[in-house]
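Peer 1: Have a look at the structure that comes next, please.
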Amino acid sequence: MDEAGVHRKLQLAELEEIRNDAYENAKIAKAKTKAYHDNRLCNKNLQVGQKVLLFQSKLKLHPGKLNSRWIEPYVIQKVYPNGAISIKDIENDFIFTVNGQRLKTFYELPNVAGTHEELVEEVVFNHTPNNVKN
Numbered sequence: 010m011d012e013a014g015v016h017r018k019l020q021l022a023e024l025e026e027i028r029n030d031a032y033e034n035a036k037i038a039k040a041k042t043k044a045y046h047d048n049r050l051c052n053k054n055l056q057v058g059q060k061v062l063l064f065q066s067k068l069k070l071h072p073g074k075l076n077s078r079w080i081e082p083y084v085i086q087k088v089y090p091n092g093a094i095s096i097k098d099i100e101n102d103f104i105f106t107v108n109g110q111r112l113k114t115f116y117e118l119p120n121v122a123g124t125h126e127e128l129v130e131e132v133v134f135n136h137t138p139n140n141v142k143n
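If you want it as structure tokens, here you go:
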């Protein structure tokens, strides 16, 4: 072989080595990204019969100033081992399956004696400002 052929073989070997290094670096970066995202996932202990709220992903781009991204309470019907959960709409008994990461626990307010208006009136009329002298 002449000198040009040996030089070309050396260049091809270097190119193959660079490709292998890039492949290994991509593999390491993917492993780090996966570990990061897996650590951010939270384990939720959701049981059948529990009330949950569903994340509405359609509002992701422009949710509006005061619009909540969590919609009405649903009841859990079945929990699958892969993280999927079947939920039932309380109003019309429609059952569908969603990713468990799109759910969060729904906490109901305890029953308080009196209506909301009565409680607001009580707070407003019984409040005295600090700077008012008697």
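Under our numbering, the residues of the sequence shown are numbered 10 to 143, in order. Virtual Cβ for every residue (Gly too), placed ideally from N, Cα, C.
1. Compare the C-alpha of residue 53 against each of 44, 10 and 88 and name the closest.
2. Only counting the same chain, and skipping five residues up and downstream in sequence, which positions put a Cβ closer than 7 Å to that of residue 143?
3. If you draw a straight line from the C-alpha of residue 12 to the C-alpha of residue 18, how long is it?
4. Can you give me the Cβ contacts of residue 92 inside the same chain, cut-off strictly under 8 Å, excluding the 5 residues immediately before and after it?
5. Should residue 96 and residue 105 be called a contact, given that it needs their Cβ atoms to be closer than 8 Å?
6. Would the beta-carbon of residue 57 fall within 8 Å of that of residue 86?
7. Three-state secondary structure (DSSP) at residue 94?
8. Look up residue 64 in the DSSP assignment and give the residues it is bridged to.
Peer 2: Reading from the atomic positions:
1. Taking the first residue of the sequence shown as position 1, residue 53 is located at position 44. Distances from the alpha-carbon of residue 53 to those of 44, 10 and 88 put 88 closest.
2. As a working mapping, residue 143 is identified with position 134 in the sequence shown. With a pLDDT of only 49 at residue 143, under 50, the local geometry of the prediction cannot be trusted, and the value read off the model is given with reservation. The same chain holds no residue with a CB closer than 7 Å to that of residue 143 once the five nearest residues on each side in sequence are set aside.
3. What you label residue 12 is simply residue 3 of the sequence shown in a count that begins at 1. What you label residue 18 is simply residue 9 of the sequence shown in a count that begins at 1. Cα to Cα, the separation comes out at about 10 Å.
4. Position 83 of the sequence shown, counted from the start, is the residue given in the question as residue 92. Closer than 8 Å at Cβ, skipping near neighbours: 108, 109 and 110.
5. For the purposes of this step, residue 96 is taken as the residue at position 87 of the sequence shown. For the purposes of this step, residue 105 is taken as the residue at position 96 of the sequence shown. For residue 96 and residue 105, yes; Cβs fall inside 8 Å.
6. Locating residue 57 in the sequence shown gives position 48, counting from the first residue. Locating residue 86 in the sequence shown gives position 77, counting from the first residue. With respect to residue 86, residue 57 sits close: the two C-beta atoms are nearer than 8 Å.
7. In the sequence shown, residue 94 corresponds to position 85, counting from 1. Three-state DSSP puts residue 94 in a strand.
8. Looking up residue 64 in the sequence shown gives position 55. Residue 64 is bridged to 79.
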